[in-house]
Amino acid sequence: MTITRPVHQLLIFIFMACICNHDASAKGIGHLQMERIKGFPVSEKGIEKGISACFAGIVDGYLIMAGGCNFPDVPAADGGKKKFYQGIYAAKISTTADTLDWQLIGKLPEPFAYGVSVSLPNGLLCMGGCNAEGSSDQVFKITIEQGKAVVEAYPALPWKLDNFAGSLGCSTVMVYDGLHIAQLQLEDLQKGWQILSPLTSEVLGQPVCGYTDGTFYAWGGCTSKTDKQDAQLQMQGYQFTKSGAKPVEGPRTCQQEEIYLGGAAAVNCGDAGIVVLGGVNKDVFEAAVNHPMPGYMKHPIAWYRFNPYINLYKNGKWTLLGNHEAAARAGASLVFDGTHIYIIGGELKPGIRTAEIYRFRLPL
101 MTITRPVHQL LIFIFMACIC NHDASAKGIG HLQMERIKGF PVSEKGIEKG ISACFAGIVD
161 GYLIMAGGCN FPDVPAADGG KKKFYQGIYA AKISTTADTL DWQLIGKLPE PFAYGVSVSL
221 PNGLLCMGGC NAEGSSDQVF KITIEQGKAV VEAYPALPWK LDNFAGSLGC STVMVYDGLH
281 IAQLQLEDLQ KGWQILSPLT SEVLGQPVCG YTDGTFYAWG GCTSKTDKQD AQLQMQGYQF
341 TKSGAKPVEG PRTCQQEEIY LGGAAAVNCG DAGIVVLGGV NKDVFEAAVN HPMPGYMKHP
401 IAWYRFNPYI NLYKNGKWTL LGNHEAAARA GASLVFDGTH IYIIGGELKP GIRTAEIYRF
461 RLPL
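Going by my numbering, the first residue of the sequence shown is number 101, and it counts up by one from there.
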């Protein structure tokens with residue numbers, strides 16, 4: 101996105117909500133304000149070019165970013181090497197300022213991307229992920245003491261996982277990729293992770309997960325293409341109940357077209373519900389995975405049609421809050437601070453990351 105207004109001005113993007121809901125009785129939301137926030141970490145060479153798939157959350161009033169990856173030198177389309185980052189960065193949150201002052205406050209145990217993070221009342225829990233050496237089962241909590249990050253080990257995951265989903269509900273953390281599902285009781289860590297029955301016979305890559313109305317939900321994800329079958333996109337979702345998992349619908353556009361949530365980002369927003377945005381376009385992505393064509397990575401950003409939709413799930417219903425180009429990214433990180441949602445990094449197209457950060461106030 102090209103910004104033409106003076107940098108000292110507050111950059112606000114206003115878009116009218118597309119008021120549609122699977123229940124015709126649902127109330128309208130009105131409009132949202134999307135604000136571009138200046139500032140991005142610079143303490144690791146290459147990170148200033150933007151990253152995707154980083155850990156992110158809130159710790160003691162600070163916005164935290166950690167890890168992530170990009171192609172800082174040679175583009176992915178030209179065979180470039182992916183770089184994974186290790187720094188833990190913090191920026192004090194102020195809703196009256198349009199700049200985040202990022203400070204390097206520590207390092208992860210290893211460089212990581214494609215893991216899952218959830219904000220706890222007393223820290224940021226980071227789980228799994230991968231780097232150039234492979235996938236990880238590590239789990240650790242980040243806190244801040246005297247301006248520095250403290251990394252505390254937690255019970256390891258039952259498996260090495262990356263490109264999966266997870267969420268916090270009350271005092272329980274759940275991780276999910278269709279085939280691997282487990283939960284951890286934070287008030288009884290000695291029990292470790294409890295393994296739940298799989299929902300699919302294959303891993304679903306890059307799903308999303310959230311918690312609302314006393315229940316965990318998951319949507320999206322894609323199986324891998326094999327010699328025997330094409331990759332399959334998971335359009336529906338699941339509600340996890342005591343008696344098992346129940347299928348639930350995914351979101352739709354105002355034209356009632358299904359929205360694929362693979363590669364999207366989700367965040368719990370308390371009583372307001374689960375906000376899910378972005379992700380890849382189902383038609384473009386499915387064709388590329390199952391029938392790859394030369395030059396796929398060389399197209400302009402608009403060609404990939406990443407989803408610009410901002411969706412809210414609450415009380416068993418989807419509301420399409422609106423759409424905005426700031427949401428049209430895959431592998432972004434979402435953080436809710438109690439009033440605002442921050443959209444951090446992500447891919448604008450395959451291989452091309454962004455250093456842009458946006459925030460918008462959630463209608464509560």
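Here a beta-carbon is modelled for each residue, glycine too, at the ideal position from N, C-alpha and C.
First and last residue of the uninterrupted alpha helix (DSSP H) at residue i
| i | result |
| --- | --- |
| residue 390 | 382 to 390 |
| residue 403 | 401 to 404 |
Residues bridged to residue i [DSSP beta-bridge criterion]
| i | result |
| --- | --- |
| residue 442 | 435, 459 |
| residue 220 | 223 |
| residue 328 | Looking at the DSSP assignment, residue 328 forms no beta bridge with any residue, so it has no partner. |
| residue 316 | 311, 340 |
| residue 273 | 268, 284 |
| residue 261 | 236 |
| residue 367 | 375 |
DSSP three-state assignment for residue i, whether helix, strand or coil
| i | result |
| --- | --- |
| residue 177 | helix |
| residue 279 | coil |
| residue 321 | strand |
| residue 449 | strand |
| residue 361 | coil |
| residue 130 | With a pLDDT of only 44 at residue 130, under 50, the local geometry of the prediction cannot be trusted, and the value read off the model is given with reservation. In the structure shown, residue 130 sits in coil (DSSP, three-state: anything other than H, G, I, E or B). |
| residue 466 | In the structure displayed, the chain extends from 101 to 464; residue 466 sits before or after that span and is not available. |
| residue 476 | Since the displayed the chain opens at 101 and closes at 464, residue 476 lies outside it and no answer follows. |
| residue 148 | helix |
| residue 430 | strand |
| residue 113 | Low confidence applies to residue 113: its pLDDT is 34, below 50, so where it sits in the model is not reliable enough to give any reading. |
| residue 182 | coil |
Extent of the continuous beta strand (DSSP E) run through residue i
| i | result |
| --- | --- |
| residue 335 | Per DSSP, residue 335 belongs to no beta strand (DSSP E) and is neither H nor E. |
| residue 346 | 344 to 348 |
| residue 189 | 187 to 192 |
| residue 297 | From DSSP, residue 297 is part of no beta strand (DSSP E); its letter is neither H nor E. |
| residue 411 | 409 to 414 |
| residue 236 | It is not in any beta strand (DSSP E) - residue 236 carries neither H nor E in the DSSP assignment. |
| residue 420 | 417 to 423 |
| residue 312 | 305 to 312 |
| residue 355 | Where residue 355 is concerned, there is no enclosing beta strand (DSSP E), given that its DSSP letter is neither H nor E. |
| residue 207 | 203 to 207 |
| residue 92 | Lying before the first or after the last residue shown, residue 92 is absent from the chain, which here runs from 101 to 464. |
| residue 374 | 374 to 377 |
| residue 267 | 265 to 269 |
Assigned exposure category for residue i - 16 Cβ within 10 Å defines buried
| i | result |
| --- | --- |
| residue 420 | buried |
| residue 230 | buried |
| residue 391 | exposed |
| residue 199 | exposed |
| residue 289 | exposed |
| residue 310 | buried |
| residue 128 | Residue placement at residue 128 cannot be trusted, given a pLDDT of 34 that sits under 50; the coordinates are not used to answer. |
| residue 328 | exposed |
| residue 295 | exposed |
| residue 271 | exposed |
| residue 344 | exposed |
| residue 297 | exposed |
| residue 291 | exposed |
| residue 433 | buried |
| residue 182 | exposed |
| residue 393 | exposed |
| residue 424 | buried |
| residue 429 | buried |
| residue 321 | buried |
| residue 380 | buried |
Pairing CB atoms from the region 251 to 266 with CB atoms from the region 275 to 293, are three or more of them under 8 Å?
yes
Three Cβ pairs or more, each shorter than 8 Å: is that satisfied between the region 300 to 313 and the region 348 to 357?
no
Is the region 219 to 228 touching the region 133 to 142, taking contact as three or more C-beta pairs under 8 Å?
no
If contact is defined by three or more beta carbon pairs under 8 Å, each pair taking one atom from either stretch, is the region 391 to 411 in contact with the region 374 to 381?
yes
Taking 8 Å as the cut-off, does the region 244 to 256 touch the region 201 to 208 (at least 3 CB pairs, one atom from each stretch)?
yes
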